[in-house]
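See structure below.
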């Protein structure tokens with residue numbers, strides 16, 4: 047019960063109606079009614095957060111954030127302009143086959159939208175499955191070999 051309450055709080059469902067376990071159909075209807083009164087945007091945000099929390103239970107190794115840190119050789123600090131870094135990151139994502147949403151979103155993790163995008167990216171990374179993630183890692187490793195040869 048404590049884990050469920052923690053999970054509901056992380057989803058932003060703080061009202062008591064969400065925390066009671068439904069034992070009757072009347073309680074279930076009340077719960078569904080309360081949820082349906084939420085805006086579509088709020089419900090989608092809750093559903094996206096729930097998917098992310100599920101991934102957090104057994105996250106892929108590595109997480110996409112860690113994968114990018116390990117394989118993307120161009121660090122933000124190396125660029126004076128964000129657009130230059132963004133362009134290099136886009137080239138890298140195209141080369142390894144991840145040039146679509148949500149992977150192509152530029153990582154801003156300090157805003158509410160940025161955090162939501164990062165969570166959606168981790169869910170998508172997990173949803174690729176182990177074999178596809180390993181294939182992408184192999185492409186990223188090969189890309190690094192080709193683009194860092196002789197750079198030292």
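In the working numbering, the protein residues as written are 47 to 198.
Glycine included, C-beta positions come from ideal geometry on N, C-alpha and C.
What you are looking at is a predicted structure, and each value in this text was computed from that prediction instead of being measured.
Member of the options whose CA lies at the smallest distance from the CA of residue i
i, options, result
"residue 60", "80, 189 and 98", "80"
"residue 62", "72, 149, 77 and 70", "77"
"residue 143", "105, 75 and 171", "171"
"residue 137", "71, 189, 65 and 181", "189"
"residue 153", "115, 173, 68 and 58", "115"
"residue 191", "117, 72 and 67", "117"
"residue 158", "130, 122, 97 and 91", "91"
"residue 88", "71, 58, 73 and 133", "58"
"residue 147", "174, 48 and 72", "174"
"residue 84", "101, 64, 97 and 68", "64"
"residue 109", "124, 122 and 149", "149"
Burial state of residue i, where buried means 16 or more other Cβ atoms lie within 10 Å
i, result
"residue 167", "buried"
"residue 169", "buried"
"residue 66", "exposed"
"residue 177", "exposed"
"residue 186", "buried"
C-beta contact flag for residue i and residue j at 8 Å
i, j, result
"residue 56", "residue 95", "yes"
"residue 113", "residue 183", "yes"
"residue 135", "residue 120", "yes"
"residue 106", "residue 179", "yes"
"residue 53", "residue 99", "yes"
Segment limits, alpha helix (DSSP H) that includes residue i
i, result
"residue 131", "128-142"
"residue 119", "Run containing residue 119: none; DSSP gives neither H nor E here."
"residue 213", "In the structure displayed, the chain extends from 47 to 198; residue 213 sits before or after that span and is not available."
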